[in-house]
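Report on one structure; see the data block that follows.
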Amino acid sequence: MIQLENLSKKYDEATVLNVASLGIDKGEHFGLVGNNGAGKTTLFSLLLDLIRPSSGKVSINSIEVAKSEDWKKDTAAFIDDAFLIDYLTPEEYFAFVAQLRKISTDELQTFLAQFEEFFNGEILDQKKYLRDFSKGNQKKVGLAAAFIGSPEVVILDEPFANLDPSSQIRLKNFLTAENNLNCTLLISSHDLNHVTDVCDRIVLLEKGAVIKDTPKSPETLKELEAYFSGQ
Amino acid sequence: MNLFSLQWKETFRAPQWEAKVTIKILIGLVSIYFIGAFVFLSSVVYTILNKEVLDREPLEVFNGILLFIFFAELVIRFFLQQLPVTNIQSLILLPFKKRQIINHVMLRSVFSAFNLFPFIIYLPFAISMYRDDYLGSQIFAWWLALLMSTLCLNFLLYIINKNNAYFFALLGFLAGTIALDIYTEIDLGKLVGIPFDAVVKNSEYLLGFALLLVGMYAFLFTFLKKGFYMDAGLAQKKTRARGGEFKMLNFLGEDALILRNDLRMIMRNVRPRQIALMSFLFLFYGLVFFTQDIYRDMEYVMVFAGLFVTGGFTMTFGNYVPAWDSSYYKLLMTQNISYKKYLLSKWNLMAFVTAVSMVLAIPYVYFGWDVLAIIVAGAFFNMGLGTWIALFGGLLNKTPMKLNVKAKAFENTQSFSVTQFALIIPKMVLPVLLYWLPSYFISPIAGFITLAGAGVLAIIFRDKIANGVTVLYKKQKHETIEAFNK
């Protein structure tokens, strides 16, 4: 589904990312972990063609992201605030994304219904613009919108950060639910528990390089904890 | 020392700092020019009035138009003056008394450059009065009265700023004043002039002005005190979301998507609203030129004026595409929409507003059919080519836009680059040449046809041009995203 070849990103002399080769299969739930500055956001930004690679290329569905815009049809992401339009209400924002993804109003209503618990009654029918929502609620809107139209690839940077504990658990349940099994999901997180719960493959980045790439096993969490505690 | 070094770093590490410093110097020079011009003008006004108006005292005439000077001043202040209200949020928790903070804020607004008005406009006038037979004390009293009136306007602006409706009320009041003057015997300007006449005769009337100023201060003080909580006046205003469906756009289908969003953006954010209002004022730009006979024979001035009448929105809005969308540019760059569609919907909006402006400009036919012809030809040029030139200029503009913050005076120039400056050539010189060359060698009608024809051709080949501009936008994609990320 996603192919990375000789991908690197350098700022002046400093290499912030260098991945020789990485493939992500369809339906894989791919978890990216690493300390600050390891290159997680850089990797996601390269996948979405938001920054220009110093070398190498990225393909989604065999489409090279730097050459064509066609990958956008099958891909959605929520990386940061710059994915929200702050002068829209949540309803208008969802409708905007839905129209871009060619989803009808009825389908959108059905889709949003499954988030009732996650939204906790604080998102819809508030008659407020997104800029007047709290950070946590803004994040919920961005996360839900990323799944509109069941895109084949969804990329989420730090989806659990800024959410309250109940919402984190609800999000985890949603991500692992049956209707997302076919979705190729890429998430990065500092929360080792959540990321190992949601993902079936964990990649560990350090200083821009992949130093661990394993399918999830019962031992994964322990290994990661050992790594991050410096043992 | 530390603060100085911070300021130094802020200046020289800012993106495009060379351009910013150049701009500061340019603004300085322009300000000096304007101050000089105003000082000169107001110092000769008295002499001119003295010669031209024989039946009334020049001072009385001047006092009679003060009302309109006040109006003009308020409008300029409304658009350009930034009041220091929002900066006090950080003080609110510190151990200051509320009273102290409000007084501080109000007094700080007194030290605004806009309050130099009495010194630039009224003082030279007062000095030229001194050469006539007024006493120094009379002149001083008159000037003090004006100084106090200016400060009243300064405080009044706080209240007008709270709500755009007050601004429109003000415009309505102005229209009413003019109408009363034309159709009835009531001359409000004269009425406003009376206290100023009186203060020259008897300086004790100054007390009245002082009372007015104190009253204004007290009123504003209570006004601000009421709103002095984080969740009331000081907070960024939370507006109740309403409207904005624009159902009538549905017939456009998919094309309506970005367009609807742009309309919402303009209606719901302070900065674009300001720009929309300003571009509306461009419609009246022609009144400056078409009413003067000296310009009638200067064809290039006529073409300029014609372009401005319908081109206000294109110039002000187009120059900030894609910066309008800077706060969610990453979303647009990853969503299922192509660059070309994005650009075309911006084009649609600008072309539509230009067409509406053209219709609204029809009354200019009062000044002659040739004036209307030049406006219509200019409108076609603006629609076909002006739009793309503006979009190209916008691409060079890499400063992210804070949508919901009022622009400071000259803020529009902050995202300025030399290349953008060079764009004045295609924007202004090209249409003038398109008109002037055929008009000079063949006939004025050939000029109209060439200018309008260039626009129509560009509209016909819109798709081809869009492809070209799309390539340019794509080339700049990563640089733009990076710049907007700051």
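Chains as they are written, first to last, in my numbering: chain A, 65 to 295; chain B, 349 to 834. Even glycine gets a Cβ: it sits at the ideal position worked out from N, Cα and C.
Which residues in the same chain have their Cβ closer than 6 Å to the Cβ of F715 (chain B), if we skip the five residues on either side of it in sequence? Taking the second sequence and counting its residues from 1, one reaches residue 715 (chain B) at position 367. Residues F638 of the same chain have their beta carbon placed closer than 6 Å to that of F715 (chain B), with the five preceding and five following residues left out of the count.
Around the C-beta of E77 (chain A), are 16 or more other C-beta atoms found within 10 angstroms, so that it is buried, or is it exposed? Taking the first residue of the first sequence as 1, we reach residue 77 (chain A) at position 13. By the 16-neighbour rule on beta-carbons within 10 angstroms, E77 (chain A) is exposed.
Against chain B, with Cβ distances strictly below 8 Å, would T173 (chain A) count as a contact? Start at 1 with the first residue of the first sequence, and residue 173 (chain A) comes out as number 109. Residue identity check: residue 173 (chain A) is Gln in the sequence provided, not Thr. No - not a single Cβ of chain B is within 8 Å of the one on Q173 (chain A).
Return the Cβ separation of I219 (chain A) and L112 (chain A) in integer angstroms, given the expectation that the two are a contact with Cβ distance under 8 Å. By one-based count along the first sequence, residue 219 (chain A) stands at place 155. By one-based count along the first sequence, residue 112 (chain A) stands at place 48. Yes, they are in contact, since the Cβ atoms of I219 (chain A) and L112 (chain A) sit about 7 Å apart, within 8 Å.
Show which residues of chain A have a CB atom less than 7 Å away from the CB atom of N696 (chain B). Residue numbering aside, residue 696 (chain B) sits at position 348 when the second sequence is read from its first letter. Those do not exist, as N696 (chain B) stays about 16 Å from chain A at its closest Cβ, beyond 7 Å.
Using a Cβ-Cβ cut-off of 8 Å (strictly less than) and excluding sequence neighbours within five positions of F160 (chain A), which residues of its own chain qualify? Locating residue 160 (chain A) in the first sequence gives position 96, counting from the first residue. Answer for F160 (chain A): I149 and L152, listed in chain order.
With 16 as the cutoff for other CB atoms within 10 Å, does L555 (chain B) come out buried or exposed? Sequence index remark: in the second sequence, residue 555 (chain B) carries index 207 (1-based). Burial call: exposed.
Give the straight-line distance between the Cα atoms of S791 (chain B) and Y783 (chain B), rounded to the nearest whole angstrom. Here residue 791 (chain B) corresponds to residue number 443 of the second sequence, with the count starting at 1. Here residue 783 (chain B) corresponds to residue number 435 of the second sequence, with the count starting at 1. The alpha-carbon atoms of S791 (chain B) and Y783 (chain B) are separated by roughly 10 Å.
When the Cα atoms are used, what is the spatial distance from Y470 (chain B) to N463 (chain B)? Here residue 470 (chain B) refers to the residue found at position 122 of the second sequence. Here residue 463 (chain B) refers to the residue found at position 115 of the second sequence. Taking the straight line joining both Cα atoms gives about 12 Å.
I need the DSSP call for T434 (chain B), collapsed to helix, strand or coil. In the second sequence, counting from the first residue as 1, residue 434 (chain B) sits at position 86. Bear in mind that a pLDDT of 49 at T434 (chain B), under 50, signals an unreliable position, so the number given afterwards is only what the model happens to contain. Helix at T434 (chain B).
So the beta strand (DSSP E) V122 (chain A) belongs to, where does it begin and stop? Position 58 of the first sequence, counting from 1, holds the residue named residue 122 (chain A). Its beta strand (DSSP E) spans residues S119 to I124.
Simplified DSSP state of V267 (chain A), which is helix, strand or coil: As a first step, residue 267 (chain A) must be located in the first sequence, where it is residue number 203. The answer is strand: DSSP assigns V267 (chain A) an E or B state.
In terms of alpha-carbon separation, which member of B:R616, B:D529 and B:L455 lies closest to K192 (chain A)? The residue you call residue 192 (chain A) lines up with position 128 of the first sequence. When B:R616, B:D529 and B:L455 are compared, the shortest CA-CA separation from K192 (chain A) is found for B:R616.
Within 8 Å of any Cβ in chain B, is that where the Cβ of D150 (chain A) sits? The residue you call residue 150 (chain A) lines up with position 86 of the first sequence. Under the Cβ criterion of 8 Å, D150 (chain A) is counted among the residues facing chain B.
Own chain, CB closer than 6 Å to F224 (chain A), minus 5 neighbours either side, in chain order: Locating residue 224 (chain A) in the first sequence gives position 160, where the first residue counts as 1. Counting only residues of its own chain and dropping the five nearest sequence neighbours on each side, F224 (chain A) has a CB closer than 6 Å to the CB of Q232, S253, D255 and H258.
Would you say F160 (chain A) faces chain B, with C-beta separation under 8 Å as the test? Numbered from 1 along the first sequence, position 96 holds the residue referred to as residue 160 (chain A). By this cut-off, F160 (chain A) is an interface position.
Counting C-beta neighbours from all protein chains within 10 Å, is the total for W695 (chain B) 16 or more, i.e. buried, or is it exposed? Counting from one through the second sequence, the residue named residue 695 (chain B) turns up at place 347. With 16 or more neighbouring CB atoms inside 10 Å of its own CB, W695 (chain B) falls in the buried class.
Less than 8 Å between CB atoms is the rule here; does I623 (chain B) satisfy it with respect to chain A? Here the question's residue 623 (chain B) lines up with position 275 in the second sequence. Using beta-carbon distances, I623 (chain B) does not count as an interface residue toward chain A, since no partner is under 8 Å.
Would you grab the beta carbon distance between K236 (chain A) and D261 (chain A) for me? Rounded to a whole angstrom, and I think it's under 8 Å. Indexing the first sequence from 1 puts residue 236 (chain A) at position 172. Indexing the first sequence from 1 puts residue 261 (chain A) at position 197. Going by Cβ atoms, the distance from K236 (chain A) to D261 (chain A) rounds to 6 Å, so yes, they are a contact pair.
Counting only the same chain and skipping the five closest in sequence on each side, list residues whose C-beta sits under 7 Å from that of Y394 (chain B). On the second sequence, position 46 is the one that residue 394 (chain B) refers to. Take Y394 (chain B), set aside five residues on each side of it, and the residues of its chain with a beta-carbon closer than 7 Å to its own are P406, F473, S476 and M477, in chain order.
Note down, in chain order, every chain A residue with its Cβ under 9 Å from the Cβ of S686 (chain B). Taking the first residue of the second sequence as position 1, residue 686 (chain B) is located at position 338. Those are E133 and K136, listed as they occur along chain A.
DSSP on I127 (chain A), reduced to helix/strand/coil? As a first step, residue 127 (chain A) is located in the first sequence; it is residue number 63 there, counting from the start. In the structure shown, I127 (chain A) sits in a strand (DSSP, three-state: E or B).
Taking CB distances under 8 Å as the criterion, tell me whether I275 (chain A) reaches chain B. Position 211 of the first sequence, counted from the start, is the residue given in the question as residue 275 (chain A). It does not: the Cβ of I275 (chain A) has no partner Cβ on chain B nearer than 8 Å.
Test: T139 (chain A) CB closer than 8 Å to a CB of chain B: As a working note, residue 139 (chain A) is residue 75 in the first sequence. Chain B, which has a Cβ nearer than 8 Å to the Cβ of T139 (chain A), makes this yes.
Opening and closing residue of the alpha helix (DSSP H) in which F142 (chain A) lies: Counting from 1 along the first sequence, the entry for residue 142 (chain A) is found at position 78. Per DSSP, F142 (chain A) is not a residue of any alpha helix (DSSP H); the beta strand (DSSP E) it occupies stretches across T139 to F142.
Assess contact between the stretch 724-738 of chain B and the stretch 642-656 of chain B, defined as three or more Cβ pairs (one per stretch) separated by less than 8 Å. Is contact present? Touching, yes, given that three or more Cβ pairs across the two stretches are closer than 8 Å.
Taking the C-alpha atoms as reference points, what is the distance between V387 (chain B) and L494 (chain B)? Working through the second sequence from its first residue, we reach residue 387 (chain B) at position 39. Working through the second sequence from its first residue, we reach residue 494 (chain B) at position 146. Whole-angstrom Cα-Cα distance: 16 Å.
N730 (chain B) beta carbon less than 8 Å from that of D545 (chain B): Walking along the second sequence from the start, residue 545 (chain B) turns up at place 197. Walking along the second sequence from the start, residue 730 (chain B) turns up at place 382. 8 Å or more divides the Cβ of D545 (chain B) from the Cβ of N730 (chain B).
In the structure shown, what three-state DSSP assignment does K822 (chain B) receive? Within the second sequence, residue 822 (chain B) is the residue found at index 474, counting from 1. Annotated three-state conformation of K822 (chain B) is helix, per DSSP.
Given a cut-off of 8 Å, decide if G98 (chain A) and L268 (chain A) are closer than it, judged by their beta-carbon atoms. Looking up residue 268 (chain A) in the first sequence gives position 204. Looking up residue 98 (chain A) in the first sequence gives position 34. Yes, the pair counts as a contact, with Cβ atoms nearer than the cut-off.
Compare the C-beta of Q683 (chain B) with all C-beta atoms of chain A and state if any pair is closer than 8 Å. Within the second sequence, numbered from 1, the residue matching residue 683 (chain B) stands at position 335. Using beta-carbon distances, Q683 (chain B) counts as an interface residue toward chain A, with a partner under 8 Å.
Selection from A:R195, A:S109, A:V205 and A:G200 that minimises the alpha carbon distance to L188 (chain A): Here residue 188 (chain A) refers to the residue found at position 124 when the first sequence is read from its first residue. The residue with the shortest Cα to Cα distance from L188 (chain A) is A:V205.
Apply the 10 Å Cβ neighbour rule to V817 (chain B) and answer buried if 16 or more other Cβ atoms are within range, or exposed otherwise. On the second sequence, residue 817 (chain B) is found 469 positions in, with the first residue counted as 1. V817 (chain B) comes out buried.
Could you list which residues in chain B have their beta carbon closer than 8 Å to that of Q163 (chain A), in chain order? The sequence position of residue 163 (chain A) within the first sequence is 99, counting from 1. Counting only Cβ-Cβ distances below 8 Å, Q163 (chain A) has contacts in chain B at E602 and L605, in chain order.
Host alpha helix (DSSP H) of Q232 (chain A) (start-end): The count along the first sequence starts at 1 and reaches residue 232 (chain A) at position 168. For Q232 (chain A), the uninterrupted alpha helix (DSSP H) segment begins and ends at P229 to L239.
Does DSSP put T248 (chain A) in a helix, in a strand, or in coil? Indexing the first sequence from 1 puts residue 248 (chain A) at position 184. Strand, per DSSP.
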